[in-house]
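Numbered per our numbering, the sequence shown spans residues -18 to 130.
Input: a single structure, listed below in structure tokens.
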Amino acid sequence: HDLVIIGQAHGEDEEPQLIAQQLGLRQQIHWLDNTSDDELTAAYTAADLFVLVSFYEGFGLPILEAMQCDTPVIASSTTSAGEVTGAGGVTVDPTQLDAIATAIDTILQTPGERDAWIRNGRQWRQRFSWQRAAAETLALYEDVLRKQE
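If you want it as structure tokens, here you go:
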């Protein structure tokens, strides 16, 4: 398996590339910057799994993008990423490297487990559809207006 890291590079820090080179893994690790929407969709679709185990995270839209492409998700349990992932993926403590490795290994080595997480992701992602958001927002406004009458 290869590792693909997608996102803006932070500065000119070459340390990750140097470590990969020292470990003899440079050919298996790919860094992608400034990807188009089509390239991003292709990357999610081709991926065996998506991992987002950061210590600080905003809403976590990449998690839903991965689920939309039927890619199993592993995310931090300690940030909003865990809430977005919910029952649609696996959440792990980002400080527990063994737990992250176990989750990755389980998804990669157990096809039935991977398929189950894909199904879970399909169901879970429906909670975040634009139609549902619009319907819930409309219901909230209607409720507020009724209370004002």
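Just so you know, even glycine gets a beta-carbon here, dropped at the ideal spot from N, CA and C.
These figures come from a predicted structure and were not determined experimentally.
Keeping to the same chain, check which residues put their C-beta closer than 8 Å to that of Met48; ignore five residues upstream and five downstream. For this step, residue 48 is matched to residue 67 along the sequence shown. Only Val54, Gly69, Gly70, Gly102, Arg103, Trp105, Arg106 meet the Cβ criterion.
Could you give the residue range of the alpha helix (DSSP H) that holds Val34? Taking the first residue of the sequence shown as 1, we reach residue 34 at position 53. No alpha helix (DSSP H) holds Val34; DSSP gives it neither H nor E.
Own chain partners of Ala84 with C-beta closer than 7 Å, once the 5 adjacent residues on each side are dropped: By 1-based counting over the sequence shown, the position of residue 84 is 103. These residues qualify, in order along the chain: Ile55, Val71, Val73.
Have a look at the DSSP bridge pairing and note the partners of Val54. Counting from one through the sequence shown, the residue named residue 54 turns up at place 73. For Val54, which the question treats as bridged, DSSP gives the partners Phe31.
Nearest-angstrom Cβ-Cβ length linking Val(-15) and Leu13, presumed shorter than 8 Å: For this step, residue -15 is matched to residue 4 along the sequence shown. For this step, residue 13 is matched to residue 32 along the sequence shown. Taking C-beta atoms under 8 Å as the contact rule, Val(-15) and Leu13 qualify, at a distance of about 6 Å.
Close Cβ partners of Arg95 (< 7 Å) along its chain, the five nearest in sequence each way excluded: Within the sequence shown, numbered from 1, the residue matching residue 95 stands at position 114. Contacts found: Pro53, Ile88.
Tell me whether Gly41, by its Cβ, gets closer than 8 Å to a heavy atom of the ligand SAH. Of the ligands one can find in the structure shown there are none, so the ligand SAH has no counterpart to examine.
Drop a sphere of 10 angstroms on the beta-carbon of Ser57, count the other beta-carbons inside from all chains shown, and report buried for 16 or more, exposed for fewer. Working through the sequence shown from its first residue, we reach residue 57 at position 76. When all chains shown are included, Ser57 counts as buried.
Can you grab the Cα-Cα spacing for the pair Ala23 / Tyr122, in whole Å? Start at 1 with the first residue of the sequence shown, and residue 23 comes out as number 42. Start at 1 with the first residue of the sequence shown, and residue 122 comes out as number 141. Looking at the two C-alpha atoms, the distance is approximately 38 Å.
Would the beta-carbon of Val34 fall within 9 Å of that of Pro92? For the purposes of this step, residue 34 is taken as residue 53 along the sequence shown, with counting starting at 1. For the purposes of this step, residue 92 is taken as residue 111 along the sequence shown, with counting starting at 1. Contact flag unset, no.
Quick one: Cα of Ala132 to Cα of Trp111, how far? No information on residue 132 is available, as it lies outside the stretch -18 to 130 that the chain covers here.
Tell me where the alpha helix (DSSP H) around Leu121 begins and ends. Translated into the one-based positions of the sequence shown, residue 121 becomes position 140. That run of the alpha helix (DSSP H) goes 111 to 129.
Whose C-beta lies closer than 8 Å to the C-beta of Pro43 among residues of the same chain, with five residues either side of it excluded? Within the sequence shown, numbered from 1, the residue matching residue 43 stands at position 62. Excluding residues within five positions, the ones whose Cβ falls inside 8 Å are Phe31, Leu33.
For Glu46 and Tyr25, which I take to be in contact (beta-carbon distance under 8 Å), what is that distance rounded to the nearest angstrom? Residue mapping note: residue 46 aligns to position 65 of the sequence shown, counting from 1. Residue mapping note: residue 25 aligns to position 44 of the sequence shown, counting from 1. Sure, about 6 Å apart at Cβ, within 8 Å.
Where Leu13 sits in the DSSP three-state scheme: Indexing the sequence shown from 1 puts residue 13 at position 32. Strand, per DSSP.
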